[in-house]
Amino acid sequence: MSIWCSSSASISMLSFSRINRLTASSPIQNLRTIISANMSTDSSPFQITHTINLSSQPTEPVTLVAAPGVSDADFRNAIACSLFEQWLKNIQSEKGLLADGSLSLKQVLIQGVDMFGKRVGFLKFKADVIDKETGNKVPGIVFARGPAVAVLILLESEGKTYTVLTEQVRVPVGRPILELPAGMLDENVGDIFGTALREVEEETGIELHLDDMVDLTSFLEPSTGYKVIPSPGGCDEELSLLLYRGSVSADVIEQLQGKETGLREHGELIKVRVVPYDTLWRMTPDAKVLMSIAIYEMAKKEGLLLHKH
1 MSIWCSSSAS ISMLSFSRIN RLTASSPIQN LRTIISANMS TDSSPFQITH TINLSSQPTE
61 PVTLVAAPGV SDADFRNAIA CSLFEQWLKN IQSEKGLLAD GSLSLKQVLI QGVDMFGKRV
121 GFLKFKADVI DKETGNKVPG IVFARGPAVA VLILLESEGK TYTVLTEQVR VPVGRPILEL
181 PAGMLDENVG DIFGTALREV EEETGIELHL DDMVDLTSFL EPSTGYKVIP SPGGCDEELS
241 LLLYRGSVSA DVIEQLQGKE TGLREHGELI KVRVVPYDTL WRMTPDAKVL MSIAIYEMAK
301 KEGLLLHKH
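In full-length UniProt numbering, the protein residues as written are 1 to 309.
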């Protein structure tokens with residue numbers, strides 16, 4: 001298939017045959033492809049668009065549009081990536097935005113794509129979701145980064161419980177933050193426990209054993225998807241929160257404190273911080289920490305955690 005653009009001087013043909021192969025394996029049923037590139041003026045850039053039909057609103061096509069500055073390659077990657085496919089699945093699910101027919105998705109503007117190697121790591125887009133009763137748009141700016149996992153590590157030493165945190169440079173907030181060791185899952189189907197073990201070792205130097213891990217988010221109601229969502233107003237990130245409890249000597253606590261870790265070649269500037277668990281809740285603004293404490297304490301209160309001997 002081709003896209004075309006016309007001006008007073010010429011007609012250019014740009015091949016988009018690859019995009020058909022990408023969308024052919026998409027979860028969207030009855031996909032109808034209409035790709036176009038138009039010039040509103042002689043000096044304006046091409047506008048790349050792609051039209052799809054969703055099974056949840058088969059008579060209302062959805063237009064996908066590349067914002068100015070988004071290349072055709074990035075646009076293709078964006079609309080074929082697992083982050084975008086998962087978002088489309090979510091809005092069409094039994095409890096999704098489009099489930100009862102009161103809302104309609106009209107257009108998605110792809111605004112930014114960050115590649116992690118050959119895969120899309122971060123995706124920024126704006127979705128025009130319309131309330132059919134009023135005709136008004138529902139706020140729909142999305143930063144898609146997919147699922148992740150974090151680990152609450154509790155170490156008993158000489159009668160006191162400590163928590164292992166990482167202090168990381170966080171450019172978005174402009175300062176270092178004390179956080180739980182955490183990491184993103186690959187391609188939306190990553191191994192939660194495997195990712196957790198790997199991230200903890202990379203960020204703290206501690207080797208944990210799979211048999212000692214507990215999934216705190218598994219204690220939530222099924223309606224939650226057994227995940228916590230830190231910022232649903234702007235980000236799709238879903239977190240699995242895990243727990244590890246162990247006993248160590250005072251020497252281990254001392255060796256961990258201030259240890260520099262992380263993959264420097266990936267830009268990670270990390271220091272390990274060990275803090276008393278009793279005061280943890282007031283020491284950091286990290287949502288992963290505070291959510292983990294809440295679920296851990298409630299699980300203990302309801303007797304859901306086995307005592308570690």
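Cβ coordinates follow ideal geometry from the N, Cα and C atoms, glycine included.
All figures in this text were calculated on a predicted structure; none of them were measured in a lab.
Quick check on the DSSP output: the beta strand (DSSP E) that includes residue i runs from which residue to which?
| i | result |
| --- | --- |
| Leu290 | Looking at the DSSP string, Leu290 is not in any beta strand (DSSP E); the run it does join, the alpha helix (DSSP H), is 287-301. |
| Leu109 | 103-116 |
| Ala144 | 141-144 |
| Pro276 | 270-276 |
| Lys124 | 119-131 |
So the alpha helix (DSSP H) residue i belongs to, where does it begin and stop?
| i | result |
| --- | --- |
| Arg76 | 72-80 |
| Arg198 | 192-204 |
| Gln47 | It is not in any alpha helix (DSSP H) - Gln47 instead sits in the beta strand (DSSP E) that spans 47-54. |
| Glu254 | 250-256 |
Please report how far the alpha carbon of residue i lies from the alpha carbon of residue j, in whole angstroms.
| i | j | result |
| --- | --- | --- |
| Gln74 | Gln47 | Note that residue 74 is Asp in the sequence shown here, rather than Gln. So the two alpha carbons sit approximately 13 Å from each other. |
| Leu152 | Met213 | 10 Å |
| Lys308 | Arg245 | Low confidence applies here, because Lys308 scores a pLDDT of 48, under 50, leaving its location unreliable; read the following figure in that light. Looking at the two C-alpha atoms, the distance is approximately 8 Å. |
| Gln107 | Leu123 | 16 Å |
| Lys259 | Ile206 | 11 Å |
| Met164 | Glu254 | The displayed chain sequence assigns Val, not Met, to residue 164. About 12 Å. |
| Ala127 | Val252 | 50 Å |
| Asn53 | Lys288 | 37 Å |
| Ser26 | Ser82 | Below a pLDDT of 50, predicted positions are generally treated as unreliable, and Ser26, at 49, falls in that range; no measurement from the model is reported. |
| Asp286 | Val228 | 13 Å |
| Leu154 | Thr195 | 19 Å |
| Ala144 | Arg119 | 13 Å |
| Ala250 | Ser157 | 6 Å |
| Leu243 | Thr166 | 16 Å |
| Asn30 | Pro230 | With a pLDDT of 38 at Asn30, under the threshold of 50, the predicted position of this residue should be treated as unreliable, and no value is reported. |
| Ala182 | Ile91 | 27 Å |
| Lys89 | Ala99 | 11 Å |
| Leu280 | Pro172 | 23 Å |
| Ala161 | Val275 | Here residue 161 is Thr; the residue named in the question, Ala, does not match the sequence. Near 9 Å, if we compare the C-alpha coordinates of Val275 and Thr161. |
| Phe125 | Val142 | 5 Å |
| Leu304 | Gly69 | 51 Å |
| Tyr296 | Leu241 | 10 Å |
| Leu197 | Thr261 | 15 Å |
| Ile177 | Arg273 | 11 Å |
| Asp215 | Gly225 | 13 Å |
Closest to residue i by CA distance: which of the options is it?
| i | options | result |
| --- | --- | --- |
| Thr284 | Glu199, Glu221, Lys227, Arg175 | Arg175 |
| Gly112 | Phe84, Leu97, Ser102 | Phe84 |
| Glu201 | Leu239, Lys271, Gly121, Asp100 | Lys271 |
| Ile293 | Glu302, Met115, Tyr277 | Tyr277 |
| Gly117 | Leu197, Asn77, Leu242 | Asn77 |
| Gly140 | Gln257, Cys235, Gly303, Met291 | Cys235 |
| Pro147 | Ile110, Phe193, Asp211 | Phe193 |
| Lys137 | Leu216, Ser240, Leu105, Gln168 | Leu105 |
| Val169 | Tyr162, Gly159, Glu203 | Glu203 |
| Thr49 | Met298, Ile79, Lys95 | Ile79 |
| Glu238 | Ser247, Thr217, Leu269 | Thr217 |
Run through the DSSP bridge pairs and tell me what residue i is partnered with.
| i | result |
| --- | --- |
| Tyr244 | Ile153, Met213 |
| residue 310 | In the structure displayed, the chain extends from 1 to 309; residue 310 sits before or after that span and is not available. |
| Gly183 | Val149 |
| Glu260 | Lys271 |
| residue 311 | Since the first residue of the chain shown is 1 and the last is 309, residue 311 is not available in this structure. |
| Thr63 | Thr51, Gln107 |
| Leu239 | Ala148, Val228 |
| Gln57 | Leu54 |
| Lys137 | Ile130 |
Does residue i come within less than 8 Å of chain D when only Cβ atoms are used?
| i | result |
| --- | --- |
| Leu64 | Absent from the structure: chain D. Only one protein chain is present. |
Return yes when the Cβ of residue j is within less than 8 Å of the Cβ of residue i, no when it is not.
| i | j | result |
| --- | --- | --- |
| Ile102 | Asp131 | Contrary to the premise, residue 102 reads as Ser rather than Ile in this sequence. Yes, the pair counts as a contact, with Cβ atoms nearer than the cut-off. |
| Thr59 | Thr51 | no |
| Gly185 | Val149 | Per the sequence shown, residue 185 should be read as Leu rather than Gly. Yes, these two residues count as a Cβ contact at 8 Å. |
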